[in-house]
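Residue numbering for the sequence shown follows my numbering, starting at 1 and increasing by one per position.
Just so it is clear, CB atoms sit at the ideal spot from N, CA and C, and this is done for glycine as well.
Structure, as structure tokens:
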Amino acid sequence: PTPSGARPTYHDNGMAHLFGFILAYFAGSEYLRLYRLDILVTSFVPLLGLLNIFALLFCVWLTYVGLHSKSPDNGTNGKGILYDYFAGTVLHPRAFGVDLKLFINSRFSMTFWFVFQLSALATPSDVARPGLVFCALGNMLYLVGFFMQEKHYTSTIDIIEDSA
Numbered sequence: 001p002t003p004s005g006a007r008p009t010y011h012d013n014g015m016a017h018l019f020g021f022i023l024a025y026f027a028g029s030e031y032l033r034l035y036r037l038d039i040l041v042t043s044f045v046p047l048l049g050l051l052n053i054f055a056l057l058f059c060v061w062l063t064y065v066g067l068h069s070k071s072p073d074n075g076t077n078g079k080g081i082l083y084d085y086f087a088g089t090v091l092h093p094r095a096f097g098v099d100l101k102l103f104i105n106s107r108f109s110m111t112f113w114f115v116f117q118l119s120a121l122a123t124p125s126d127v128a129r130p131g132l133v134f135c136a137l138g139n140m141l142y143l144v145g146f147f148m149q150e151k152h153y154t155s156t157i158d159i160i161e162d163s164a
């Protein structure tokens, strides 16, 4: 539970999310022809810039929400605005019924990591790339294991006690 006694609940549907997203990714590329499978690799630099800009602005919003919230679990750490910005002011941020910490730390980041492996494997090359194949497969195996154990992740100290 949080310092105020709240106990967030999480749905144990990480594997369904992962495979549903993979299916949608393949459908968008192969069936609907909206993009190529290697889009994440070929667009990596602008995508990285976009994600960083979004993250910085999102943290501004989280800091504002945490500092102006009435919840006893939110607020300043008392060490200044820069510390609040980087350490977080919201213990369990939610928007539209979605736990944002779980969504970003688990669903978005881990799913992106998995799909990026698929994108890397789909990148055309004239040479055999066994290192890439084994690295991607190892990462994907790790990520499947993560989503299989996601229920345990939601009870670890970093999801329970760390502010966003």
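- With respect to ASN74, GLY80 sits apart: the two C-beta atoms are not nearer than 7 Å.
- Listed as beta-bridge partners of ARG94 by DSSP are ASP99.
- In the assembly as shown, VAL90 is a buried residue. Its beta-carbon has 16 or more other beta-carbons within 10 Å.
- Under the criterion of beta carbons closer than 8 Å, PRO8 and HIS92 qualify as touching, at roughly 5 Å.
- The DSSP-derived three-state label of TYR31 is helix.
- TYR64 carries a helical assignment under DSSP once its states are collapsed to helix, strand and coil.
- Rounded to whole angstroms, the Cβ separation of TYR85 and CYS59 is 6 Å, and the two are in contact under 8 Å.
- The shortest CA-to-CA distance from THR156 to any of ASN105, ALA120 and PRO130 is the one to ASN105.
- Taking 8 Å as the upper bound for CB-CB distance, LEU62 and GLY88 are in contact here, some 7 Å apart.
- If one requires a minimum length of 3 residues, no beta strand (DSSP E) run lies completely within the segment 105 to 138.
- Shown here for PHE112: not one same chain residue has a beta carbon closer than 6 Å to its own, the five before and five after excluded.
- Remark: C-beta atoms of LEU37 and SER43 do not approach each other more closely than 7 Å.
- Per DSSP, GLY20 is one residue of the alpha helix (DSSP H) stretching across 14 to 26.
- For a cut-off of 8 Å, the C-beta gap from PHE114 to LEU137 is around 11 Å, too long to register as a contact.
- About 14 Å separates the beta carbons of GLY20 and GLU150, which is beyond the 8 Å limit, so they are not a contact pair.
- Between the beta-carbon of HIS17 and that of ARG94 there is about 17 Å, and that puts the pair past the 8 Å contact cut.
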